[in-house]
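Trainee: So that we are looking at the same thing, I have put the structure below in structure tokens.
Numbering (this note's numbering), first residue to last: 306 to 394.
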């Protein structure tokens with residue numbers, strides 16, 4: 306039995322679209338086969354910057370998520386977190 310809806314006919318790509326798809330596939334493969342440059346050395350400054358960006362997103366994301374949840378759902382999440390913490394000890 307075929308998967309998906311058979312009510313709508315599948316869109317067929319024309320010759321130009323097929324050519325673009327083939328060229329993109331060839332370009333992606335040639336880039337993957339190309340030797341990569343020397344590995345980038347990660348410095349302490351780079352690590353500090355990444356950590357700062359992570360904290361910035363966490364400060365934004367946590368309150369935004371809490372604001373979008375209902376009081377009951379926040380309570381359920383908190384109970385699950387507490388149970389997970391007690392399970393580890």
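Backbone N, C-alpha and C fix where the C-beta goes; we use that ideal spot for every residue, glycine too.
1. Tell me the DSSP secondary structure of residue 346 in three-state form.
2. Residue 317 by DSSP, collapsed to three states: which one?
3. Quick check: the Cα distance between residue 354 and residue 373, rounded to an integer number of angstroms?
4. Starting from residue 380, trace the alpha helix (DSSP H) in both directions and tell me its first and last residue.
5. Whose C-beta lies closer than 8 angstroms to the C-beta of residue 388 among residues of the same chain, with five residues either side of it excluded?
Mentor: So, to answer that:
1. Against the chain shown, residue 346 aligns to sequence position 41. Correct three-state label for residue 346: coil.
2. Numbered from its first residue, the chain shown carries residue 317 at position 12. Three-state result, residue 317: coil.
3. For the purposes of this step, residue 354 is taken as the residue at position 49 of the chain shown. For the purposes of this step, residue 373 is taken as the residue at position 68 of the chain shown. So the alpha carbons of these two residues sit roughly 29 angstroms apart.
4. One-based indexing of the chain shown puts residue 380 at position 75. That run of the alpha helix (DSSP H) goes 376-393.
5. On the chain shown, position 83 is the one that residue 388 refers to. Once the five neighbours on either side are set aside, residue 388 has no close Cβ partner at all.
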